[in-house]
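Notes follow once the structure below has been shown.
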Amino acid sequence: MTGETPTLRKAARVLLLDEDRRVLLVRFRYRGKRWWTAPGGGLEDEETHEDAARREIAEETGFELVELGPWVWTREHVFRFEGRLYRQHERYFVASVPAFDPRPKLLGAEEARVLDGLRWWTLTELVATPEEFAPADLPALLGRLVEQGPPEHPLKVGA
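Numbering (this note's numbering), first residue to last: 11 to 169.
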């Protein structure tokens, strides 16, 4: 990675919370590593973060998100995918939704290859599991969000 300039990538993710305060997370698998994160992905062309969030939710979960809640977190991280180095700036939004059975649709070839599952999690399950998350402290961050509500300004969260 020394001397290589990462490609800037903007992304939007959504913390979908149902009426039982469960969160829907997607599991990705890449090069032997697996982790859970909020559904979402990169912005296309002139798309806004909000438009990308809605599109990605429809693609990755099959749910047509009508009302998007506030922008609650900002995350920046560097990663390599398919030989290319990226610096990704993510905005996390929260949205209240009814419980639904997630069914991915309209996934691109790359997404279909790395998407490894979707699951509703309770806060108790998140804290108790040995699974990996992105951001790493997602269980604690989500617990604060559920208990205290959205922050006044988006919080910067770690990798």
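All C-beta atoms in this analysis are idealised placements derived from N, C-alpha and C, irrespective of residue type, glycine included.
Measuring only the C-alpha atoms, how far is residue i from residue j?
| i | j | result |
| --- | --- | --- |
| alanine 105 | histidine 87 | 23 Å |
| aspartate 9 | leucine 18 | One cannot answer for residue 9 here, as it falls past the ends of the chain, which runs 11 to 169. |
| glycine 52 | arginine 85 | 13 Å |
| glutamate 190 | glycine 13 | A question about residue 190 goes unanswered here, because the residues of the chain that appear run from 11 up to 169. |
| arginine 39 | tryptophan 45 | 7 Å |
| proline 108 | alanine 68 | 15 Å |
| histidine 99 | leucine 165 | 13 Å |
| alanine 150 | glutamate 162 | 18 Å |
| arginine 65 | alanine 138 | 31 Å |
Quick one, which of the options has its alpha-carbon nearest residue i's?
| i | options | result |
| --- | --- | --- |
| threonine 132 | Gly13, Leu25, Glu14 and Thr17 | Leu25 |
| lysine 20 | Leu155, Tyr96, Leu148 and Ala169 | Tyr96 |
| alanine 114 | Gly72, Trp130, Arg44 and Leu155 | A small fix is needed here, since residue 114 is proline in this sequence, not alanine. That would be Gly72, whose Cα lies nearest to the Cα of proline 114. |
| arginine 31 | Arg101, Ala63, Leu136 and Pro145 | Leu136 |
| aspartate 28 | Lys166, Thr15 and Trp130 | Trp130 |
| tryptophan 36 | Gly93, Glu141, Phe91 and Gly79 | It is worth fixing the name first, because residue 36 is valine in this sequence and not tryptophan. Looking at the Cα atoms, Glu141 is the closest of the given residues. |
| lysine 43 | Pro16, Phe143, Asp61 and Arg101 | Phe143 |
What do you get for residue i, buried or exposed, if any count of 16 or more other CB atoms within 10 angstroms of its CB means buried?
| i | result |
| --- | --- |
| histidine 59 | buried |
| arginine 41 | exposed |
| methionine 11 | Legend: pLDDT at methionine 11 = 48, less than 50; position of this residue unreliable, no value from coordinates given. |
| glycine 168 | exposed |
| proline 112 | buried |
| arginine 94 | exposed |
Using a Cβ-Cβ cutoff of less than 6 Å, which residues in the same chain neighbour residue i once the five nearest sequence positions on both sides are dropped?
| i | result |
| --- | --- |
| glycine 127 | Arg37 |
*Complete beta strand (DSSP E) runs within the segment 60-102 (minimum length 3 residues, chain order)*: For the segment 60-102, whole beta strand (DSSP E) runs of length 3 or above, ordered along the chain, are 81-91.
*Could you pull out every unbroken beta strand (DSSP E) segment of at least 3 residues lying fully inside the segment 11-46, listed in chain order?*
Listed in chain order, they are 17-27 and 33-40.
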